[in-house]
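Some notes on the structure that comes next.
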Amino acid sequence: MNIQVISVVVLLILGLVTFWRKQRGADWRALYESAMSETNSTVLRTLNYEAESAVQSRQKELRNEPYDSPERRELGIAKTALIRLKA
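Residue numbers (this note's numbering): 1 to 87.
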């Protein structure tokens, strides 16, 4: 393979990784927003569990990011809000 083909493949892979990371971030936010706006207590329990799991997973993925990164702060706020919502 020549260098141009390798460069294109590398850029494609990096683009896919970036897209996947953004999608993962969107997943926890969507679940969090759904849980926070749910009024049916039966559905809320399920959404809360799913949102908490998604937040925790995303926190693990970002464990090497700086503590003061915007998404890590958002995750902390979301985690606290979901705990309070459950109580």
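C-beta atoms are modelled at their ideal positions from N, C-alpha and C, and glycine is treated no differently.
Contact check for VAL55 against LEU85 fails: the beta carbons are separated by 8 Å or more. The C-alpha of ALA30 lies about 27 Å from the C-alpha of LEU12. Shown here for GLU52: same chain residues with a beta carbon closer than 6 Å to its own, the five before and five after excluded, namely LEU82 in chain order. Collapsing the DSSP output to three states places GLU50 in a helix. In the three-state DSSP reduction, PRO66 falls in the coil class, being neither helix nor strand. A straight line joining the alpha-carbon of ARG45 with that of ASP27 spans about 18 Å.
Pairing SER41 with SER34, the inter-Cα distance amounts to about 13 Å.
A Cβ-Cβ distance of about 5 Å is found for the pair ALA78 and TYR32, placing them in contact under the 8 Å criterion.
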